[in-house]
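These protein sequences, in sequence, are chains A and B.
With the numbering used here, letter number 289 in the first sequence gets 294, and the count goes up by one each step, no holes.
With the numbering used here, letter number 156 in the second sequence gets 161, and the count goes up by one each step, no holes.
Don't be surprised by glycine CBs; every beta carbon is placed ideally from N, CA and C.
Here's the structure, in structure tokens; my notes come after.
Number of protein chains: 2
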Amino acid sequence: MSDAVSPLASPFPALPAIAGVTLRLARAGYKDWGRCDLTYVELAEGTAVAGVFTRNVCCSSEVDLGREGVALGKARALVVNAGNSNAFTGYRGREAVEQIMAQVAGHLGCAPDEVFVSSTGVIGVPLPKDKARAGVSAALTAAPCTWEEAARTIGTTDTFPKGAMAQAVVDGRTVTLAAIIKGSGMIAPDMATMLGYIFTDAAVEPAFLQELLSAANATSFSCITVDSDTSTSDTMLAFATGKAGNAPLRDFDSPGADAFAAALEDVCRQLAHLVVKDGEGAQKFIRIDVTGAVSDDSARRIGLAVANSPLVKTAIAGEDANWGRVVMAVGKAGEPADRDRLSIGFGGVWCAQQGLPLADYDEAPVAAHLKGLEVSVEIDIGLGEGRATVWTCDLTHGYISINADYRS
Amino acid sequence: MSDAVSPLASPFPALPAIAGVTLRLARAGYKDWGRCDLTYVELAEGTAVAGVFTRNVCCSSEVDLGREGVALGKARALVVNAGNSNAFTGYRGREAVEQIMAQVAGHLGCAPDEVFVSSTGVIGVPLPKDKARAGVSAALTAAPCTWEEAARTIGTTDTFPKGAMAQAVVDGRTVTLAAIIKGSGMIAPDMATMLGYIFTDAAVEPAFLQELLSAANATSFSCITVDSDTSTSDTMLAFATGKAGNAPLRDFDSPGADAFAAALEDVCRQLAHLVVKDGEGAQKFIRIDVTGAVSDDSARRIGLAVANSPLVKTAIAGEDANWGRVVMAVGKAGEPADRDRLSIGFGGVWCAQQGLPLADYDEAPVAAHLKGLEVSVEIDIGLGEGRATVWTCDLTHGYISINADYRS
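And the structure:
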């Protein structure tokens, strides 16, 4: 955890215990720091798992092995290493992950592919096997810890611990989802990584859990960006212990499936927003609503082009209602758009409509809106019914300081 | 022109006169500044023209009308307005451009579509017709000026004037190319724009000139990036007056066509490099060589993904040999790559090969290389024969200061 907390930080929420989930910590000492850096989560027998992972083709062995485990759908444990991403380390990195999986499987009496491992931190350095073995050994017998302690321990240069929860009534039972996530500060020569974990006591079949997680991902994590750089380690896993005792959710015809899906989407969106609010150097949280595109996917691509534009992000950092830069970013997105049908607004006030600056445009309310911590941008393409919402943060001197003002 | 000159600036070269080309300046007063801001270039009868333009779908009327003129292939004049880009101004902006074209055509006795107009500066404000009319009127009768004066006048927040030349022997005659370009400083709430003009006394058929310009563009302007934001006004025009007296170049079978093509490509690359060297906040000029990709186009996309990565650009700004960030950027490019075949180097020294950090990697020469003003990054994908070179600059506090530390 960094010393300077993001101005967009929120207090860690009160997360309830999830039956079948036990959190433990240890000091593996992956870096020369006086803090826990290994998180171990033990999961009850029968826990279902689903996951979504980075699409970066240079992904870590943790991601490769995690994909294989998710395909089987069963989980008994999760290990998260902080301080070393173990990415781009070849066969030596893979061996370290396999060692952790075997060690935990031996302790629990389960199959190694029911043990999930994530790592975050410096890349190009194989995870040291001796430190991993001692750390796992200590964690297996450590006293249980809180959600907030675990959220801090999976973090690297995050400036605040991040968690979220939601509940739903399924089959007459109240089921609970609790989740933690890390990302995306970076002051060491690392790659930004986002690691997130959702735990629920609901009973959900693995295939349906995967379907719901993929759908929730599409409107949450796939709609945020801090700096357009895609990590090699991004991982989001959902674990369902089944301890709530509901009849297992198999598809949308199962009673309560809609409620559970909504709760899962709610948690994913909360987590996604927290990551943006801890974006490197972030001073403002930006919501971009795109309407009138030819499809929802086209709207999302336009939104991300705007959210990734350095000129839009710096303008908002400067509290400048520079709608011309938004026009530019829409135009470069590579999606259908018509200059003469385009409308742009900030904070609900249109600056330009149908391709022309508004004759009676009053900048005062827009300028006031831009001074706030949360800024919204409205873009109407004027061509169809497609819509999407994308979230990002501004681009400030803080981003440069974090990423350039040091040597490795 | 800005007061603080880029550390990567070079002196304006000695550009010779081009027969059939006369440069003149005027003060239209598009902004409240005490400098010339309208450049008028008169071209001899029979001048051929070719052009490449922004692919931003929200382009200006100047770009729309310029495309139409290039399709006809003939040019008699060029007018460049600085201080107002006239983009996103609807029918009023288009009328202003058509007025300039008609005014110059009336003076020269040519067709309006032989008059090319470019504008650069603030967007969303229609170019004022009265200022444009008075400015053009003054320019038509002004005394001729130098290349350097014209290069300064087309600039907006550029920190130094930019020009280039090359010669070739065609059909027994020495032909000369002289060119000026502006881009890409920005301290007003504008969109970055790149405007460039190449003039030659060679005789070249318009269709072949277009073929050569498009080919040269593909390995020069299409291979540079400052911040990934594509302007609405980018324009590159080539004018051939034919005054050198060579037999007109029609295709690659014409004597001297290869030599002329090489000279044109040389000028385009010089201009492209000058734009990068005046990139906003640039402190280092970065060359990225990609080899071993599945195709040249794939190599170029990978190179641009690296060149547009904020994490790579800030690492180089910090003189940090962070090859892990290069791995990340290669992986996110969306092009074929294999983590375990990838090699990364700086300044000709490999840091990682075949997906593994080098065991005997010596960082000292790499660290020394990164302290220089010019940095090279080598990336071998290890899959095929595709190769490309891309150029960019680093991302520094200067970029943030230029684009965020002010209000419009």
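Below-7 Å beta-carbon distance, residue i vs any chain B residue
i: His-402 (chain A); result: yes
i: Val-56 (chain A); result: Note that residue 56 (chain A) is Gly in the sequence shown here, rather than Val. Not closer than 7 Å to any Cβ of chain B, the Cβ of Gly-56 (chain A) fails to qualify, so no.
i: Pro-253 (chain A); result: no
i: Gly-129 (chain A); result: yes
i: Ser-413 (chain A); result: Because the pLDDT at Ser-413 (chain A) is just 46, under 50, the model does not fix this residue reliably, and the value given afterwards should be weighed accordingly. With 7 Å as the cut-off, Ser-413 (chain A) counts as an interface residue toward chain B.
i: Phe-351 (chain A); result: no
i: Ala-409 (chain A); result: yes
i: Gly-25 (chain A); result: no
Opening and closing residue of the beta strand (DSSP E) in which residue i lies
i: Gly-56 (chain A); result: 43 to 58
i: Tyr-202 (chain B); result: 200 to 205
i: Phe-121 (chain A); result: 120 to 127
i: Leu-218 (chain B); result: No beta strand (DSSP E) contains Leu-218 (chain B), which is instead part of the alpha helix (DSSP H) from 211 to 223.
i: Glu-285 (chain B); result: Looking at the DSSP string, Glu-285 (chain B) is not in any beta strand (DSSP E), and its letter there is neither H nor E.
i: Leu-28 (chain A); result: 26 to 31
i: Thr-158 (chain A); result: That residue, Thr-158 (chain A), is in no beta strand (DSSP E); its alpha helix (DSSP H) goes 152 to 159.
i: Asn-89 (chain A); result: 79 to 89
i: Gly-168 (chain A); result: 167 to 175
i: Gly-350 (chain A); result: 348 to 351
i: Ile-23 (chain A); result: Counting along the chain, Ile-23 (chain A) falls outside any beta strand (DSSP E), and DSSP gives it neither H nor E.
Boundaries (first-last residue) of the alpha helix (DSSP H) holding residue i
i: Gln-418 (chain B); result: Because residue 418 (chain B) is not part of the residues shown, which for chain B are 6 to 413, the question remains open.
i: Ile-321 (chain A); result: 315 to 322
i: Asp-263 (chain B); result: 262 to 282
i: Glu-383 (chain A); result: Element bounds for Glu-383 (chain A): not the alpha helix (DSSP H) but the beta strand (DSSP E), 379 to 385.
i: Trp-328 (chain A); result: 328 to 337
i: Arg-255 (chain A); result: Where Arg-255 (chain A) is concerned, there is no enclosing alpha helix (DSSP H), given that its DSSP letter is neither H nor E.
Cut-off 6 Å between Cβ atoms - residues of its own chain near residue i, not counting five sequence neighbours on either side
i: Val-380 (chain A); result: Lys-289, Ile-291, Ile-321
i: Phe-204 (chain A); result: Ile-23, Val-26, Ala-183, Phe-244
i: Glu-340 (chain B); result: Ser-303, Arg-306, Ile-307
i: Asp-399 (chain B); result: Gln-288, Lys-289, Lys-318, Ile-321, Ala-322
i: Tyr-404 (chain A); result: Glu-285, Gly-286
i: Gly-140 (chain B); result: Ala-31, Ala-33, Leu-43
7 Å CB neighbourhood of residue i in its chain, flanking five on each side removed
i: Leu-214 (chain B); result: Ala-53, Ala-55, Ala-243, Ala-245
i: Leu-13 (chain A); result: Lys-282, Ala-287, Phe-290, Leu-378
i: Gly-350 (chain B); result: Cys-356, Glu-383
i: Asp-343 (chain A); result: Gly-387, Leu-388
i: Arg-255 (chain A); result: Glu-210, Phe-213
i: Thr-401 (chain A); result: Gly-286, Gln-288, Ala-322
i: Leu-309 (chain B); result: Thr-230, Val-395
Cutoff 7 Å: residue i Cβ touching any chain A Cβ
i: Pro-362 (chain B); result: yes
i: Arg-306 (chain B); result: no
i: Thr-319 (chain B); result: yes
i: Val-62 (chain B); result: yes
i: Val-440 (chain B); result: The first residue shown for chain B is 6 and the last is 413, placing residue 440 (chain B) beyond what the model contains.
i: Val-332 (chain B); result: yes
i: Pro-315 (chain B); result: yes
i: Lys-337 (chain B); result: yes
i: Pro-194 (chain B); result: Any reading at Pro-194 (chain B) must be qualified, since the residue scores a pLDDT of 29, below 50, and its modelled position is unreliable; the value itself is stated next. Closer than 7 Å: yes.
i: Gly-190 (chain B); result: Any answer about Gly-190 (chain B) is weak, because its pLDDT of 43 lies below 50 and its placement is not dependable; what the coordinates show is given next. No, its Cβ sits nowhere closer than 7 Å to a Cβ of chain A.
i: Ile-229 (chain B); result: no
i: Asn-86 (chain B); result: no
i: Gly-71 (chain B); result: no
i: Ala-266 (chain B); result: no
i: Met-6 (chain B); result: Reliability of the predicted coordinates at Met-6 (chain B) is poor, the pLDDT of 46 falling under 50, and the value obtained from them is presented with this limitation in mind. No, Met-6 (chain B) does not count as interfacial toward chain A.
i: Gly-391 (chain B); result: no
i: Arg-344 (chain B); result: yes
i: Phe-290 (chain B); result: no
i: Asp-239 (chain B); result: no
The ligand SAH heavy atom lying under 6 Å from the CB of residue i
i: Gly-247 (chain B); result: Of ligands this structure carries none, so the ligand SAH is not represented either.
Other residues of its chain near residue i: CB distance less than 8 Å, five sequence neighbours each side excluded
i: Val-122 (chain A); result: Glu-67, Leu-70, Gly-71, Leu-83, Val-84, Val-85, Asn-86, Val-102, Ile-105, Met-106
i: Gln-359 (chain B); result: Asp-345, Arg-346, Leu-347, Ser-348, Gly-387
i: Asn-251 (chain B); result: Val-175, Asp-176, Gly-177, Arg-178, Val-180, Ala-207, Ala-208, Gly-261
i: Gly-336 (chain A); result: Ala-342, Arg-344
* Counting pairs of beta carbons, one from the segment 41 to 54 of chain A and one from the segment 204 to 212 of chain A, are three or more of them closer than 8 Å? -> yes
* Say whether the segment 290 to 310 of chain B touches the segment 381 to 399 of chain B, bearing in mind that this needs 3 or more beta-carbon pairs closer than 8 Å, one atom from each stretch. => yes
* At least 3 beta-carbon pairs within less than 8 Å: the segment 12 to 20 of chain B vs the segment 153 to 172 of chain B -> yes
* Can you find at least 3 beta carbon pairs, one from the segment 141 to 151 of chain B and one from the segment 38 to 46 of chain B, that sit closer than 8 Å? -> yes
* Taking 8 Å as the threshold, find out whether the segment 394 to 404 of chain B comes into contact with the segment 361 to 369 of chain B through three or more Cβ pairs. => no
* Assess, as a yes-or-no matter, whether the segment 104 to 122 of chain A is touched by the segment 77 to 85 of chain A under the definition of 3 or more beta carbon pairs within less than 8 Å. => yes
* Contact between the segment 224 to 232 of chain B and the segment 253 to 269 of chain B: three or more CB pairs below 8 Å? -> no
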